[in-house]
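Take a look at the structure set out below.
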Amino acid sequence: MKNLSIKIIFLAVFAFIIFFGGSALVNSTGDDKFCTLCHKWMDPMVTAYHSDVHGGASKYGFKAKCVDCHLPHDSYIGYVFKKASNGISEVTHMITHDAKDQPWIENRKNRAKFVYDSGCLSYHKTILDKNSSNANITDMHALYSKFKDDVKNKLDCVSCHKNVGHNNLGKTLYEIKHPPVGNW
């Protein structure tokens, strides 16, 4: 009986450590400071992020974490799985490729693969309400509602909000590949 009690206590402590330690690990690896520890090449993206309203450059001081946009928020298990698979993929890619050779500008057309609507909608909960005082917003988000699940003509948040999260990122990436020639 004593062995069973010790096993139960050990199992409970182990489960506690795994659950809360895992949760702490997931939360501590979701912001720009963590990402740029290894990914120095992300500095231009982080600089553009800091100058965006989602990066804290608003009068309200709101600051989204990288994972708020770049991971799915449909389920916690899906979130953790995608976070782990992205981490493995990023580390592998970083080891086997040179960041300066990456087609950053060309990859921006694939932004819907890296920004998840579930992240946007978890913060902008009322955006799809039909009671907006701005008719254009109401009309455009009605189109989003209509086509968000359409396979052929799919609309994502970033279909319209092309620069969301990283202010002037396209310009920044262009200037890295094509540095300006001196001061005019």
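First residue of the sequence shown? That's 1 in the UniProt record's numbering, and the numbers climb one at a time after it.
Heads up, the beta-carbon is just placed ideally off N, CA and C, and yes, glycines get one too.
A distance below 6 Å between beta-carbons, with the five flanking residues on each side excluded, links Lys162 to no residue of its chain. For the pair His50 and Asn153, the Cα-to-Cα distance works out to about 32 Å. Counting along the chain, the unbroken alpha helix (DSSP H) around Leu143 starts and ends at 135-147. DSSP places Gly165 in the coil class of the three-state scheme, outside both helix and strand. Comparing alpha-carbon positions, the option among Met140, Ile137, His124 lying closest to Cys69 turns out to be His124. For the pair Ser118 and Asp74, the CB atoms are nearer than the 8 Å cut-off.
DSSP places Tyr123 in the uninterrupted alpha helix (DSSP H) bounded by 117-123. Contact annotation: the region 133-141 does not touch the region 88-100, with fewer than three C-beta pairs closer than 8 Å.
In the three-state reduction of the DSSP assignment, Lys59 falls in the coil class, being assigned neither a helical nor a strand state.
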